[in-house]
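See structure below.
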Amino acid sequence: MSIKSYLTNLRQQLKSKSLNSPLTVVTGNQSADMDSVVSALTFAYFSNLHSKQYIIPLINIPRRDLKLRRDIVTLLDYYSITEDLLFFVEDFQNIVKESDQILINLVDHNNIQGDELHEAFGAGKLKVVGIIDHHEDEGQFVESQPRIIRTCGSNSSLVFNYFYNEFFKNNTSKFLETQLEAIKLLLGPLLIDTSGMTQKVEEPDTEAFSIYQKALEGDEKFIQLFANSGDKDPYTNYHSTLKAAKKDVSGFKFVDLLRKDYKQFTFDSGDRVGFSSVTKAFKWIVANYSKEEIEKTLIKTLEENNIDLLIIGTHFTRKDNDKYTREFGYYYKKSENEKFNNLHNLAETKLQLNNEVYGADKIVSTVETLSSHGNFKVFNQGNISASRKQVVPIVKEILEN
Numbered sequence: 001m002s003i004k005s006y007l008t009n010l011r012q013q014l015k016s017k018s019l020n021s022p023l024t025v026v027t028g029n030q031s032a033d034m035d036s037v038v039s040a041l042t043f044a045y046f047s048n049l050h051s052k053q054y055i056i057p058l059i060n061i062p063r064r065d066l067k068l069r070r071d072i073v074t075l076l077d078y079y080s081i082t083e084d085l086l087f088f089v090e091d092f093q094n095i096v097k098e099s100d101q102i103l104i105n106l107v108d109h110n111n112i113q114g115d116e117l118h119e120a121f122g123a124g125k126l127k128v129v130g131i132i133d134h135h136e137d138e139g140q141f142v143e144s145q146p147r148i149i150r151t152c153g154s155n156s157s158l159v160f161n162y163f164y165n166e167f168f169k170n171n172t173s174k175f176l177e178t179q180l181e182a183i184k185l186l187l188g189p190l191l192i193d194t195s196g197m198t199q200k201v202e203e204p205d206t207e208a209f210s211i212y213q214k215a216l217e218g219d220e221k222f223i224q225l226f227a228n229s230g231d232k233d234p235y236t237n238y239h240s241t242l243k244a245a246k247k248d249v250s251g252f253k254f255v256d257l258l259r260k261d262y263k264q265f266t267f268d269s270g271d272r273v274g275f276s277s278v279t280k281a282f283k284w285i286v287a288n289y290s291k292e293e294i295e296k297t298l299i300k301t302l303e304e305n306n307i308d309l310l311i312i313g314t315h316f317t318r319k320d321n322d323k324y325t326r327e328f329g330y331y332y333k334k335s336e337n338e339k340f341n342n343l344h345n346l347a348e349t350k351l352q353l354n355n356e357v358y359g360a361d362k363i364v365s366t367v368e369t370l371s372s373h374g375n376f377k378v379f380n381q382g383n384i385s386a387s388r389k390q391v392v393p394i395v396k397e398i399l400e401n
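According to UniProt numbering, the residues represented by the sequence shown are 1 to 401, in order.
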């Protein structure tokens, strides 16, 4: 059975109302990056493989936003997994209407994310039954089984290792022979999240990767698809292809850039904060979008998402010195309280914030314009190891204290 056939069968089961109640869902986090999507798909697929249970893999974004994730579309296309087979927040809303209770597994996060899921949880319709995650433990749903929370490069490694060690290890040769497609799908986020197994690699990643390599040793399809006339191996070419698709933002409006990798949280302080991760410098943003488009988009983002504060974290490699760089920017309305104004001061030490922003002279005019109706601040982030995974807890601590 392929993942495509699993999703096709699942659709048919739902259409004929053949699934027993309560329905079970697995969802990745609200950014719906490749790691989250593949973690959810393979969690559902492997569950069915070992127990025949049908679990609905939910992508926690609107259906229209999948096209912004060109790396995911590219990856899924290799294995004939089309958009019409996938489940999005619109589908979840329909499932909730027809169900008294839904059992849910969280992968690539360990607390409820997204307004639709929060609403269902608040209404008592959601029960969290399993967690596999590599973010900071928020201490919720401690009775979940499994409840695996530990750091590693890619959450997909934890998902694979759990199912392989618990259910498939005793028949390794048959599993590897019959599950090449799932393994190649899992390889995608592992290579993306670890930059080709060169960064943020931890023991779960090496454990999974060694099994993937063993399975793919004689896979001519994989070798031929990603072989070229140069000296690069198929793994490097696979990574390069997906990375290029991820970085491709041609034709994007500024709103698309912000929506492409977006998460939203409500902290104990009551503050609703959105976090956009962007693969372009602020210098690039102001060069490619007008002041009017940037300002209107920022205002609209606050309003449509009902958030108090938008944080934009950029990460890119500078062309002038080939140096990997991060920037920390944020926007909020004029009327908001003083703690947002001091956010950069309170985050300065941990994030190593400074004013040495790449191309600062090119963006100062736009920053001034945006600050005339709201508050917009941009800083260079010296702590380049702090991705959104580390930034969110830092901002949370500041706002709650």
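From the three backbone atoms N, C-alpha and C, an ideal C-beta is built for every residue, glycine too.
Owing to the predicted nature of the structure, the values given are computational and were not obtained by experimental measurement.
Coil, strand or helix - residue i by DSSP
i, result
"phenylalanine 265", "strand"
"residue 428", "Given that the chain is displayed from residue 1 to residue 401, the structure contains no residue 428 and the question cannot be resolved."
"threonine 24", "strand"
"histidine 135", "coil"
"glutamate 327", "strand"
"tyrosine 358", "coil"
"valine 107", "strand"
"glutamine 93", "helix"
"serine 99", "coil"
"serine 276", "strand"
"glycine 122", "helix"
"phenylalanine 254", "helix"
"asparagine 380", "strand"
"proline 146", "coil"
"threonine 314", "strand"
"isoleucine 59", "coil"
"asparagine 375", "strand"
"leucine 353", "strand"
"tyrosine 289", "coil"
"residue 407", "There is simply no residue 407 to check, as the chain begins at 1 and stops at 401 in what is shown."
"leucine 309", "strand"
Distance between residue j and residue i (C-alpha atoms, nearest Å)
i, j, result
"alanine 215", "isoleucine 112", "35 Å"
"asparagine 375", "isoleucine 384", "24 Å"
"tyrosine 212", "tyrosine 235", "11 Å"
"valine 107", "isoleucine 285", "32 Å"
"aspartate 193", "valine 142", "27 Å"
"aspartate 205", "isoleucine 148", "15 Å"
"valine 201", "tyrosine 332", "36 Å"
"aspartate 115", "asparagine 60", "10 Å"
"leucine 19", "glutamine 145", "22 Å"
"phenylalanine 209", "glutamate 303", "43 Å"
"glutamine 179", "asparagine 237", "21 Å"
"glutamate 166", "threonine 369", "57 Å"
"isoleucine 81", "threonine 198", "29 Å"
"histidine 239", "aspartate 100", "43 Å"
"threonine 314", "lysine 174", "44 Å"
"alanine 123", "isoleucine 394", "30 Å"
"lysine 377", "leucine 343", "10 Å"
"leucine 346", "phenylalanine 160", "39 Å"
"serine 387", "serine 195", "14 Å"
"tyrosine 79", "leucine 185", "8 Å"
"threonine 241", "aspartate 77", "13 Å"
"glycine 251", "arginine 64", "15 Å"
"glutamate 348", "asparagine 29", "27 Å"
"histidine 39", "valine 391", "Per the sequence shown, the amino acid found at residue 39 is serine instead of histidine. Cα to Cα, serine 39 sits roughly 23 Å from valine 391."
"glutamate 119", "phenylalanine 92", "12 Å"
"residue 404", "glutamate 90", "The requested residue 404 is not part of the displayed model; the chain covers only 1 to 401."
Spatial neighbours of residue i in its chain, beta-carbon cut-off 6 Å, leaving aside the 5 residues before and after
i, result
"residue 414", "Any answer about residue 414 is impossible in this case: the structure gives the chain only from 1 up to 401."
"alanine 44", "Val26, Ile55, Pro57"
"residue 450", "Nothing in the structure corresponds to residue 450, since the chain is present only between 1 and 401."
"lysine 247", "Thr279"
"isoleucine 183", "Tyr212, Ala215"
"serine 2", "Glu181"
"leucine 7", "Leu85"
"serine 277", "Asp261, Gly313, Arg388"
"histidine 50", "Phe167"
8 Å contact criterion, which residue i and residue j should meet: CB distance rounded
i, j, result
"asparagine 48", "isoleucine 55", "7 Å"
"glutamate 327", "valine 357", "6 Å"
"phenylalanine 46", "phenylalanine 226", "In fact, because the Cβ distance is near 24 Å, the residues do not count as touching under 8 Å."
"isoleucine 102", "leucine 23", "5 Å"
Cβ shell of residue i (< 7 Å), same chain only, five flanking positions each side left out
i, result
"lysine 338", "Correcting the residue identity first, residue 338 is glutamate in this sequence and not lysine. So no residue of the chain qualifies."
"tyrosine 324", "Thr317, Ile384"
"alanine 245", "Arg70, Asp71, Thr74"
"valine 364", "none"
Closer than 8 Å: residue i CB and nearest the ligand ATP heavy atom
i, result
"valine 25", "Absence of the ligand ATP is noted for the structure shown, with no ligands found whatsoever."
Close Cβ partners of residue i (< 8 Å) along its chain, the five nearest in sequence each way excluded
i, result
"histidine 373", "Glu295, Ile299, Lys334"
"asparagine 355", "Phe379, Asn380"
"phenylalanine 340", "Asp308, Leu309, Tyr330, Tyr332, Asn375"
"lysine 350", "Asn383, Ala386, Ile394"
- Are there three or more Cβ pairs, one per stretch, closer than 8 Å when the stretch 304-324 is compared with the stretch 270-289? By the Cβ rule, the stretch 304-324 counts as touching the stretch 270-289, because three or more pairs are nearer than 8 Å.
- Message: With a threshold of 8 Å, are at least 3 pairs of Cβ atoms found where one atom belongs to the stretch 307-314 and the other to the stretch 265-278?
- Response: Three or more Cβ pairs closer than 8 Å define a contact, and the stretch 307-314 meets that threshold against the stretch 265-278.
- Message: Counting beta carbon pairs with one atom in the stretch 253-263 and one in the stretch 286-301, are three or more of them shorter than 8 Å?
- Response: Yes: the two stretches touch, three or more of their Cβ pairs being nearer than 8 Å.
- Are the stretch 155-164 and the stretch 31-42 touching, with three or more C-beta to C-beta distances below 8 Å? Touching, yes.
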